[in-house]
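Peer 1:
In full-length UniProt numbering, the protein residues as written are 1 to 272.
#1: Are there 16 or more other CB atoms within 10 angstroms of the CB of residue 272, so buried, or fewer, so exposed?
#2: Tell me the DSSP secondary structure of residue 55 in three-state form.
#3: Alpha carbon to alpha carbon, how far is residue 293 from residue 266?
#4: Since residue 30 and residue 78 should fall inside the 8 Å C-beta cutoff, what is the C-beta to C-beta distance between them, to a whole number of angstroms?
#5: Give me the Cα-Cα distance between residue 194 and residue 34, rounded to the nearest whole angstrom.
#6: Assess, as a yes-or-no matter, whether the region 206-223 is touched by the region 158-170 under the definition of 3 or more beta carbon pairs within less than 8 Å.
#7: Mind checking which residues open and close the alpha helix (DSSP H) that includes residue 251?
#8: Can you give me the C-alpha to C-alpha distance between residue 19 and residue 87, rounded to a whole angstrom?
#9: Locate the beta strand (DSSP E) running through residue 213, then write down its first and last residues.
#10: Note down, one range per segment and in chain order, each beta strand (DSSP E) of at least 3 residues found wholly within the region 83-132.
#11: Starting from the Cα of residue 80, find the closest Cα among 104, 41 and 32 and give me that residue.
#12: Using C-beta distances below 8 Å, list every residue in its chain close to residue 188, excluding the 5 sequence neighbours before and after it, in chain order.
#13: In chain order, what are the residue ranges of uninterrupted beta strand (DSSP E) at least 3 long that sit wholly in the region 180-239?
#14: Among 222, 209 and 115, which one has its Cα closest to the Cα of residue 175?
#15: Tell me, to the nearest whole angstrom, how far the beta carbon of residue 60 is from that of residue 249; I am working on the premise that it is less than 8 Å.
#16: Grab me the residues of residue 118's own chain with a C-beta within less than 7 Å of its C-beta, minus the 5 sequence neighbours each way, in chain order.
#17: Please name the residue or residues paired with residue 77 in a DSSP beta bridge.
#18: Around the C-beta of residue 157, are 16 or more other C-beta atoms found within 10 angstroms, so that it is buried, or is it exposed?
#19: Measuring CA to CA, which of 72, 202, 181 and 241 is closest to residue 49?
#20: Suppose the cutoff is 6 Å on Cβ atoms and the five residues either side in sequence are ignored; what does the same chain contact list for residue 172 look like?
#21: Report yes if the CB atom of residue 116 is closer than 9 Å to the CB atom of residue 224, and no otherwise.
#22: Hey, residue 234 and residue 44: beta-carbon distance below 9 Å or not?
#23: Taking the continuous beta strand (DSSP E) assigned at residue 38, which residues delimit it?
#24: Whose CA, out of 206, 240 and 232, lies closest to the CA of residue 51?
So this is what it looks like as structure tokens:
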């Protein structure tokens, strides 16, 4: 059996300081009788170098949670900590990859990737060298001088990931970055993201609604309840690494997917 189910936790048991920690995080909209809690009492830790996915039914507050962690919402309850520190400065430690198209159409791929370095004042030669290294890492060598309009959706998303990594974030935060891609491209890009994450030992948090994707990529999967969104269960995925999309459909993989779906189906039914 490759699945260990543990109860909702405020943090993983580890001697290391968590790379990212949420403590009683909540976010409401409206006032008085019209108050709606999108996320409530959400607490967890991510260990350095860990890959965590958060999955839940539509309307459970996944995107709200992304916006809180990414620093796009500044008014919420609880705390978000990076390396034990809170406050507005932690935003610089978090790199965000969005579901929507986010490359700059007027810039070549290499200039897209180099943008954070340019904004930081890094000289052109140095930033282009680093950008080319990252493009090689995401499998885009040879496309440095292409514009986004000349690239496929998967290539543009890899460009966006490389651009985010150029800022050297402590936490890579992704909000359904493969949602607009076809299934084949999605699985292959999942393989590439795993290679990148393992190569850099990058602490990564993925927001997704795709169970297969979550199991393929993650060390742990956090299942959210329907609104107000909080943690229903944390599932440790003990499938061997390195992982690839070739594992999808195997008996062990399918068993993990089925266990997660059993809980997720209950929560999804509450929103129907």
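No residue lacks a Cβ here, since even glycine has one placed at the ideal position from N, Cα and C. From a predicted model like this one, the values you see are computed outputs, not experimental measurements.
Peer 2: Looking at the coordinates:
#1: When all chains shown are included, residue 272 counts as exposed.
#2: Here residue 55 carries a strand assignment [DSSP, helix/strand/coil].
#3: Any property of residue 293 remains undetermined from this structure, which presents the chain solely from 1 to 272.
#4: At roughly 19 Å, the Cβ-Cβ gap does not stay under 8 Å, so residue 30 and residue 78 are not in contact.
#5: Approximately 42 Å, taken between the alpha carbons.
#6: Cβ pair count under 8 Å is below three, so no.
#7: Its alpha helix (DSSP H) spans residues 251-270.
#8: Residue 19 and residue 87: Cα-Cα distance of roughly 15 Å.
#9: In the DSSP assignment, residue 213 falls outside any beta strand (DSSP E) and within the unbroken alpha helix (DSSP H) covering 211-217.
#10: The DSSP assignment places 94-97 as complete runs of the beta strand (DSSP E) inside the region 83-132, in order along the chain (cut-off: 3 residues).
#11: Answer by Cα proximity: 41.
#12: Residues of the same chain with a CB within less than 8 Å of the CB of residue 188, apart from the 5 flanking positions on each side, are 154 and 245 in chain order.
#13: Taking 3 residues as the shortest admissible run, the region 180-239 contains the following complete beta strand (DSSP E) segments, listed from N- to C-terminal end: 203-208, 220-224 and 231-237.
#14: When only C-alpha atoms are compared, the closest one is 209.
#15: Rounded to whole angstroms, the Cβ separation of residue 60 and residue 249 is 27 Å, and the two are not in contact under 8 Å.
#16: Only 127 meet the Cβ criterion.
#17: Per DSSP, 26.
#18: Buried is the label assigned to residue 157, since at least 16 other Cβ atoms lie within 10 Å of its Cβ.
#19: When each option's Cα is compared against that of residue 49, the closest is 202.
#20: Around residue 172: 95, 202 and 204.
#21: Their beta carbons are not under 9 Å apart, which means residue 116 does not touch residue 224 by this criterion.
#22: Cβ distance < 9 Å, so residue 234 and residue 44 count as in contact.
#23: Start and end: 36-46.
#24: Out of 206, 240 and 232, the CA that lies nearest to the CA of residue 51 is found in 206.
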